[in-house]
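Per the numbering used here, the very first residue in the sequence shown carries number -4; after that it's consecutive. The C-beta atom is built at its ideal place from N, Cα and C for all residues, glycine as well. Fair warning: this is a prediction, and the values are worked out from it, not measured in the lab.
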Amino acid sequence: MPLESLPGSKDSLSHKPQLNASKEVASHKPLSNAGKDPNTHKPLLSSNKDNTSHKSQASGSKEASSIKTMTSVGKDFNNHKPPSLIPKSKGPRVMRRHRSHTDGSRGPQTPGISRYREDLEMEGLLPSHFRDRLYDLFLQIEKEFEHLYMSNMALQERLDLVAEKLVGESGSLEKTPLESQDSTDYGAKNKKSQLSQRIKTTYKQSTSKLVSSFRTPNPVYSVVKHFRGHRDGVWEVSVSRSHTHQVIGTASADHSGRIFSVETGSCLLQYIGHKGSVNSIRFHPTQELVLTASGDATAHIWRAPLSQFSPVDILKSHSSGEDEIDSSGREDTADDLNDFAHEANIIRSPHLELMQHSEVVTAADWMSQGSQVITVSWDRMAVLADAETGEQISQLSGHDQELTDVHAHQSQRLVLTSSKDTTFRLWDFRGPAMLVNVFQGHTQQVTSAVFASGDKVVSGSDDRTVKVWDMRNMRSPIAAIRTDSEVNRLSVSQVQNIIAIPHDNRNIRLYDINGVRIGRLPRNNRQGHARMVCSVAWAENHPTCNLFSCGFDRQVLGWMINNPVKE
């Protein structure tokens, strides 16, 4: 703090003293004229070497006379001095006590602190509250040093115990008796260095064992199947829940939906009943029915007679034209389409057509029992319809913008709808009255929201985040995953609790349900997608491949994800 702002400084002496003294006292210059002659304004004390060294009696008498003159001058205003110029009393000074911010009591006063406190009081340069504050600060510093010293002592004791144990185990380092303490310094230093080296070696070994216990084998990701046939980008891939036939379904912008054999990779069925892009494809939980949604504002239910295909027929179709149609980037010709027409059965008309929407139908899904379907559209509506008659049961409104995806729970009457309005909604049909809950947590459109095990929901968005929610507490997510690209239709493994995330930047990343990163699927010329990955789907416990992906490069890939689970 500058001296000008302290009590007794120049600013604090600006008041006019009320006294009948000489002109020097009334001119507000007590500090500058206190040591000068009232008449000549010259210093009364000499500053030459004779005055400071006191070498001769003449100089001593001269200074004594000067002091006497100064005393006589000061008599006129001795009773009217400012507070800083009043002499200190010799009696005990009463100090104001200020409570510290960290401790309620001052504690015992050490001799050093007390001496410093007395020096401050005798000097009288600082106000009392500044002295109290300094006193408190020194006490805190002393306590911190005491605590540090005690910690170091405890650590030293632990190190000594470790050293004794090491010496006892090895037997190579013996304790030195008191009688042999007069050994050479070289021997003592040598033993100390040996002990230190032994401690370091043991510490490194124990640390490496501890770290290696947390390590797990590296996961193995590889492409094992290519499913070829589509002539445009593939929007969605889904897996049949039937245990009789291991098949997958694909929905493409080429206006078709296809069913492939997982075992052989060959196309078994092709549906061409839509007049627009096929945006989603879902299998009936128990029957040979398939539900597709299209850009022609309709949703179709069509039969997939998979039971008519014997294993021999599947292998025959696989061997006859497995590599005739590829996705290398070239345009397919009419000959390619004709070749495929001989390979697979083509279905041209639906079993039931649903026409409740006025805009593009982005997705459709089966309810838990398969007797009802739920469709979502760009008209901002979700429609619950009867799967037998196609009649509308209820219309679900509330989203402010276009709907992007829909997923129904496999065992309960619960539905998740996602929208471009940055929210997704949970519709509950279990009670007599429908309930709806709104999840708000994304900043851009929600591309998909799916159910996970343990009453959890996982959502993905164009804001490059994936969030895990608890249906019992929907205010905030329990985990958030930040990525480097937009997220498309993701999938969650119900067995391994692994989230597969497809991205616009051609990547597929894997995370666990707690948001911990597991790995990234390879992406190069031989493996992975060359363009945006639109959708992924898990096939639980499949021996050949357990994850499928599709993209706008017209590829449908089957992956084998060998991810070791930590014990």
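- Item | When 356, 296 and 454 are compared against residue 384, the one with the closest alpha-carbon | Along the sequence shown, one-based indexing puts residue 384 at 389. Of the candidates 356, 296 and 454, the one whose C-alpha sits nearest the C-alpha of residue 384 is 296.
- So, is residue 148 buried or exposed, given that buried needs 16 or more other C-beta atoms within 10 angstroms? Here residue 148 is taken as the residue at index 153 of the sequence shown, counted from 1. The residue in question, residue 148, is exposed, as its Cβ has fewer than 16 Cβ neighbours within 10 Å.
- What are the complete alpha helix (DSSP H) segments, minimum 4 residues, inside the stretch 503 to 555? none
- Closer than 6 Å by C-beta to residue 235: which residues in its own chain qualify, once you throw out the five before and the five after it? Chain order, please. Within the sequence shown, residue 235 is the residue found at index 240, counting from 1. Closer than 6 Å at the Cβ level, and outside the excluded window around residue 235, lie 242 and 278.
- Query: Are the beta-carbon atoms of residue 466 and residue 421 separated by less than 8 Å?
  - Reply: By 1-based counting over the sequence shown, the position of residue 466 is 471. By 1-based counting over the sequence shown, the position of residue 421 is 426. Result yes, Cβ atoms of residue 466 and residue 421 sit closer than 8 Å.
- Item | Selection from 248, 400, 237 and 292 that minimises the alpha carbon distance to residue 284 | Mapped onto the sequence shown, residue 284 falls at position 289. The shortest Cα separation from residue 284 among 248, 400, 237 and 292 belongs to 237.
- Exposure label - residue 457; buried when at least 16 CB within 10 Å: Here residue 457 corresponds to residue number 462 of the sequence shown, with the count starting at 1. Residue 457 should be labelled buried.
- Task: Rank 304, 254 and 515 by C-alpha distance to the C-alpha of residue 286 and give the top, closest one.
- Result: Stepping through the sequence shown from its first residue, residue 286 is reached at position 291. Looking at the Cα atoms, 254 is the closest of the given residues.
- Item | Which listed residue (531, 502 and 558) has its alpha carbon closest to that of residue 517 | Against the sequence shown, residue 517 aligns to sequence position 522. It is 502.
- Message: Please classify residue 493 as buried or exposed, where buried requires at least 16 other C-beta atoms within 10 Å of its C-beta.
- Response: Along the sequence shown, one-based indexing puts residue 493 at 498. By the neighbour-count rule (16 or more Cβ atoms within 10 Å), residue 493 is buried.
- Query: What span of residues does the beta strand (DSSP E) with residue 485 cover, start to end?
  - Reply: As a first step, residue 485 must be located in the sequence shown, where it is residue number 490. No beta strand (DSSP E) holds residue 485; DSSP gives it neither H nor E.
- Of the residues 418, 446 and 540, which one's Cα is nearest the Cα of residue 556? Numbered from its first residue, the sequence shown carries residue 556 at position 561. Of the listed residues, the one whose Cα sits closest to residue 556 is 540.
- Just the C-alpha distance for residue 341 and residue 436, rounded to the nearest angstrom, thanks. Counted from its first residue, the sequence shown places residue 341 at position 346. Counted from its first residue, the sequence shown places residue 436 at position 441. Approximately 44 Å, taken between the alpha carbons.
- Query: Under the rule that 16 or more other beta-carbon atoms within 10 Å means buried, what is residue 512, buried or exposed?
  - Reply: What you label residue 512 is simply residue 517 of the sequence shown in a count that begins at 1. Its Cβ having fewer than 16 others within 10 Å, residue 512 is exposed.
- Query: Is residue 440 helix, strand or coil when you go by DSSP?
  - Reply: Position 445 of the sequence shown holds residue 440. DSSP places residue 440 in coil when its eight states are reduced to three.
- Using the Cα positions of residue 478 and residue 451, report the straight-line distance between them to the nearest angstrom. What you label residue 478 is simply residue 483 of the sequence shown in a count that begins at 1. What you label residue 451 is simply residue 456 of the sequence shown in a count that begins at 1. Their Cα atoms are separated by approximately 20 Å.
- Task: For the beta strand (DSSP E) holding residue 243, just list the boundary residues, first then last.
- Result: For the purposes of this step, residue 243 is taken as residue 248 along the sequence shown, with counting starting at 1. Looking at the DSSP string, the run of the beta strand (DSSP E) that includes residue 243 is 242 to 247.
- Contact check, residue 573 vs residue 252, beta carbons under 8 Å: Shown here, the chain extends from -4 to 562; a query on residue 573 therefore has no answer.
- What span of residues does the beta strand (DSSP E) with residue 348 cover, start to end? Within the sequence shown, residue 348 is the residue found at index 353, counting from 1. Segment 347 to 349, the beta strand (DSSP E) holding residue 348.
- Message: In whole angstroms, give me the CA-to-CA distance for residue 392 and residue 412.
- Response: As a position in the sequence shown, residue 392 is number 397, starting the count at 1. As a position in the sequence shown, residue 412 is number 417, starting the count at 1. Going by the C-alpha atoms only, they are around 11 Å apart.
- Within 8 Å, strictly: CB atoms of residue 263 and residue 256: Within the sequence shown, the letter at position 268 stands for residue 263. Within the sequence shown, the letter at position 261 stands for residue 256. Taking 8 Å as the Cβ cut-off, residue 263 and residue 256 qualify as a contacting pair.
- Looking at C-alpha atoms only, which residue of 461, 454, 446 and 524 is the closest neighbour of residue 489? Within the sequence shown, numbered from 1, the residue matching residue 489 stands at position 494. Among 461, 454, 446 and 524, the Cα nearest to that of residue 489 belongs to 446.
- Contacts around residue 507, its chain only, beta-carbon distance under 8 Å, and the 5 residues preceding and following it disregarded: Taking the first residue of the sequence shown as position 1, residue 507 is located at position 512. Within the same chain, residue 507 has close Cβ partners 492, 493, 494 and 513.
- Where residue 157 sits in the DSSP three-state scheme: As a working mapping, residue 157 is identified with position 162 in the sequence shown. Looking at residue 157 - three-state DSSP - the assignment turns out to be helix.
- Task: Please determine, among 553, 549 and 499, the residue with the shortest C-alpha to C-alpha distance to residue 527.
- Result: Residue mapping note: residue 527 aligns to position 532 of the sequence shown, counting from 1. Among 553, 549 and 499, the Cα nearest to that of residue 527 belongs to 499.
- Message: Between which two residues does the beta strand (DSSP E) holding residue 497 run?
- Response: The residue labelled residue 497 in the question sits at position 502 within the sequence shown. Looking at the DSSP string, the run of the beta strand (DSSP E) that includes residue 497 is 493 to 497.
- Query: Since residue 342 is in the beta strand (DSSP E), which residue starts that stretch and which ends it?
  - Reply: As a position in the sequence shown, residue 342 is number 347, starting the count at 1. Note, residue 342: beta strand (DSSP E), 340 to 342.
- Task: Find the nearest neighbour of residue 365 within the set 125, 379 and 373, judged by alpha-carbon distance.
- Result: The count along the sequence shown starts at 1 and reaches residue 365 at position 370. The residue with the shortest Cα to Cα distance from residue 365 is 379.
- How would you call residue 290, buried or exposed, if buried means at least 16 neighbouring beta carbons within 10 angstroms? Position 295 of the sequence shown, counted from the first residue, corresponds to residue 290. Residue 290 is buried by the Cβ-count criterion.
- Query: From residue 525 to residue 250, what distance separates their C-alpha atoms?
  - Reply: Within the sequence shown, the letter at position 530 stands for residue 525. Within the sequence shown, the letter at position 255 stands for residue 250. Going by the C-alpha atoms only, they are around 22 Å apart.
- Out of 294, 156 and 131, point me to the one whose CA is closest to residue 353's CA. Position 358 of the sequence shown, counted from the start, is the residue given in the question as residue 353. Looking at the Cα atoms, 294 is the closest of the given residues.
- Message: Does residue 564 pass the burial test, meaning 16 or more other C-beta atoms within 10 Å, or should it be called exposed?
- Response: With the chain represented from -4 up to 562, any question about residue 564 goes unanswered, as that position is not in the structure.
- Query: Quick one: Cα of residue 448 to Cα of residue 530, how far?
  - Reply: Residue mapping note: residue 448 aligns to position 453 of the sequence shown, counting from 1. Residue mapping note: residue 530 aligns to position 535 of the sequence shown, counting from 1. Their Cα atoms are separated by approximately 20 Å.
- Assign residue 216 to one of two classes, buried (16 or more other C-beta atoms within 10 Å of its C-beta) or exposed (fewer than that). The residue you call residue 216 lines up with position 221 of the sequence shown. Flag for residue 216 reads buried.
- To which residues of the same chain is residue 523 closer than 6 Å at the C-beta, ignoring the five residues directly before and after it? Sequence index remark: in the sequence shown, residue 523 carries index 528 (1-based). 517.
- Query: DSSP state of residue 149, grouped into three classes?
  - Reply: As a working note, residue 149 is residue 154 in the sequence shown. DSSP places residue 149 in helix when its eight states are reduced to three.
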